[in-house]
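A short worksheet on the structure shown next.
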Amino acid sequence: KGGSRIRDVGATARVPIEQLLGRHVFLSIRVKVAKDWQRDPKQLGRLGF
């Protein structure tokens, strides 16, 4: 809740990117949520469910 999962994903991704580039980076992560995606078979299929 409150974006904690996205924050964790960003932090986890940032470390190897910084190591690869040899400098600090800023990642901007945007999330778009489709209405009723959990009940939409088409949306679930796109996510591999």
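Each position in the sequence shown, counted from 1, maps to that position plus 43 in the numbering used here. Note that the Cβ used here is the ideal one computed from N, Cα and C, for glycine as well.
Taking the C-alpha atoms as reference points, what is the distance between Lys85 and Ile49? One-based indexing of the sequence shown puts residue 85 at position 42. One-based indexing of the sequence shown puts residue 49 at position 6. Cα to Cα, Lys85 sits roughly 23 Å from Ile49.
In the structure shown, what three-state DSSP assignment does Asp4 receive? Nothing about residue 4 can be reported from this structure: the residues present for the chain run from 44 to 92 only.
Where does the unbroken alpha helix (DSSP H) through Gln86 begin, and where does it stop? For this step, residue 86 is matched to residue 43 along the sequence shown. From DSSP, the alpha helix (DSSP H) with Gln86 extends over Pro84 to Arg89.
Beta-carbon proximity of Arg131 to Val74, cut-off 8 Å: Outside the modelled stretch of the chain, which goes from 44 to 92, sits residue 131, for which no answer is possible.
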